[in-house]
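In this text, residue positions in the sequence shown follow my numbering: the first is 4, and each later residue adds one.
Just so you know, even glycine gets a beta-carbon here, dropped at the ideal spot from N, CA and C.
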Amino acid sequence: MISFPNAKINIGLNVVSKRADGYHNLETVFYPVKLADALELVESEKPEFSASGIQIDGAPESNLVFKAYHLLQSKFNLPPVHLHLHKVIPFGAGLGGGSADAAFTLKVLNEYFSLELNDDQLEKYATTLGADCPFFIRNKPTFAHGIGDQFEAIELDLSGYEIILLKPEFSVGTADAYRNIIPQKSDFDLRKLADLPIEEWKDRVKNDFEKSVFPQFPQIASLKNLLYENGAEYASMSGSGSAVYGIFRHSPVDLAKFTPPGIFIYR
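Set out below in structure tokens:
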């Protein structure tokens with residue numbers, strides 16, 4: 004069985020307060036995009052994990068795909084399987100690739116072995132693997148809050164637009180993203196995003212991490228500006244970076260010509 008775990012972008016990201024446990028309360032909209040890995044499951048004599056595409060560091064046991072398998076295996080005594088992941092979604096980009104892989108593993112196992120788990124049950128398992136893993140169970144536009152683990156479905160349809168992602172060769176660490184962040188309540192409620200014309204998003208919908216990340220990594224700011232210069236209706240860094248995306252009414256066919264060397268373009 005083969006599935007295709009897709010990436011997400013963050014439309015708006017507000018760091019609203021710091022919690023007593025040291026984490027931060029966030030508000031954001033998760034939106035699924037077409038960029039995807041490929042995940043294959045076949046039965047095997049022993050549990051195995053392999054990978055191709057973008058290099059994955061670390062032992063197989065540390066990969067979220069294998070952790071997702073062992074989670075359900077321990078609950079349902081599943082037979083051994085071989086899971087192969089062809090990695091396309093870049094790491095350290097703010098695109099949720101690892102979380103998507105874990106969530107899709109749960110969904111594939113549920114379907115293949117007829118476990119009959121509903122979405123609510125799958126989300127509970129996904130929560131134990133990572134804060135934004137549950138989003139990929141339903142995989143629909145979602146307002147996320149708390150530490151990014153509390154979800155409310157929203158009506159948002161960007162199917163009439165093209166979303167283009169730009170990713171520099173480097174990544175942004177979590178500590179770098181939070182450096183100099185001052186939590187504050189946003190003056191725009193992201194749950195009302197679909198009611199705001201996309202032409203007005205530029206002035207109303209912000210990613211708070213840009214204020215911290217752009218001074219440290221000016222190339223990311225330059226990529227965002229490049230998207231606007233080539234006709235994006237809205238452009239932003241996704242999550243804590245380092246990927247940025249642009250939402251276009253019409254495809255910018257010459258974008259590659261203007262993109263600096265070493266930048267990956269995903270459409």
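Self-check item: residue 73: first and last residue of the uninterrupted alpha helix (DSSP H) it sits in
Solution: 67 to 79
Quiz item: Going along the chain, which unbroken runs of the beta strand (DSSP E) with 3 or more residues stay wholly within the stretch 107 to 192?
Solution: 145 to 149, 153 to 156 and 165 to 170
Practice problem: With DSSP as the reference, label residue 195 as helix, strand or coil. | Solution: helix
Self-check item: residue 94 in three-state terms, based on DSSP
Solution: coil
Quiz item: In terms of residue numbering, what span does the beta strand (DSSP E) encompassing residue 355 cover?
Solution: Outside the displayed span of the chain (4 to 270) sits residue 355, for which this structure offers no information.
Quiz prompt | Backbone secondary structure at residue 216 - three-state DSSP | solution = helix
Quiz item: Nearest to residue 160 by alpha carbon, out of 5, 14 and 9?
Solution: 14
Quiz item: Assuming residue 245 and residue 133 make a contact with CB atoms under 8 Å, what is their CB distance in whole Å?
Solution: Contact doesn't hold; Cβ gap of about 19 Å is too wide.
Practice problem: Return the chain-ordered list of same chain residues with a C-beta closer than 7 Å to the C-beta of residue 172, the five sequence neighbours on each side being excluded. | Solution: 265
Exercise. Measure the alpha-carbon distance for residue 176 versus residue 243 and round it to whole angstroms.
Key: 8 Å
Exercise. Provide the residue span of the alpha helix (DSSP H) that contains residue 7, from first to last.
Key: No alpha helix (DSSP H) holds residue 7; DSSP gives it neither H nor E.
Quiz item: Could you check where the beta strand (DSSP E) with residue 223 kicks off and where it finishes?
Solution: Looking at the DSSP string, residue 223 is not in any beta strand (DSSP E); the run it does join, the alpha helix (DSSP H), is 221 to 232.
Quiz item: Counting Cβ pairs closer than 8 Å, one from the stretch 221 to 235 and one from the stretch 145 to 159, do we hit at least three?
Solution: no
Practice problem: Pull up the DSSP beta-bridge partners for residue 33, would you. | Solution: 13 and 145
Self-check item: Whether residue 85 touches residue 55 by CB criterion (8 Å)
Solution: no
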